[in-house]
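**Student:** Residue numbers (my numbering): 35 to 122. The beta carbon of each residue, even a glycine, is placed where N, CA and C say it ideally should be. Here the structure is a predicted model, which means the values were calculated and not measured.
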Amino acid sequence: MSADLMCVVMPYERIKVECYSGYKANERPVAFIFQGSRREVQEIIDRWYEGGPESNFPEIDYFKVRTADGQVFILRYQSLFDAWSIQV
């Protein structure tokens, strides 16, 4: 298989997330529990989404965040299941 056809599946682990809810529920993460520690989101570095109402896939929101201790994580929110997870 050539390198341009390889697909890497990144594993995700379910987590609990505290969110800011403005014009919609779970608009953005403000803190989350991972590996037994509460981590506050200091900055949302990037955000993007997949799927949505006009596709055949449910909407998934992704957030690349920096925590108060300087670590960077990718969080995703699956609105169909009201479920948050973290890339591990």
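To the nearest angstrom, report how far apart Ile94 and Gln112 are at their CA atoms.
**Tutor:** So the two alpha carbons sit approximately 5 Å from each other.
**Student:** For Ile49, which residues from the same chain have a beta carbon less than 8 Å from its beta carbon, with the 5 sequence-adjacent residues on both sides left out?
**Tutor:** Around Ile49: Phe66, Ile67, Phe68, Leu109, Trp118, Ser119 and Ile120.
**Student:** May I ask you to list the residues that DSSP assigns as paired with Phe91?
**Tutor:** Looking at the DSSP assignment, Phe91 forms no beta bridge with any residue, so it has no partner.
**Student:** Using 8 Å as the threshold, is the C-beta distance between Val51 and Ile79 below it?
**Tutor:** No, the pair does not count as a contact, with Cβ atoms beyond the cut-off.
**Student:** CA-CA distance, Glu47 and Tyr96?
**Tutor:** Near 14 Å, if we compare the C-alpha coordinates of Tyr96 and Glu47.
**Student:** Provide the residue(s) that pair with Lys50 in DSSP beta bridges, ordered along the chain.
**Tutor:** Ile67.
**Student:** Alpha carbon to alpha carbon, what distance is there between Ser71 and Val43?
**Tutor:** Roughly 26 Å separates the two Cα atoms.
**Student:** DSSP has Ser119 in a bridge; who is on the other side?
**Tutor:** In DSSP, Ser119 forms a bridge with Arg48 and Arg110.
**Student:** Nearest CA to the CA of Trp82: which residue from Arg73, Val75, Ala102 and Glu61?
**Tutor:** It is Glu61 whose Cα lies nearest to the Cα of Trp82.
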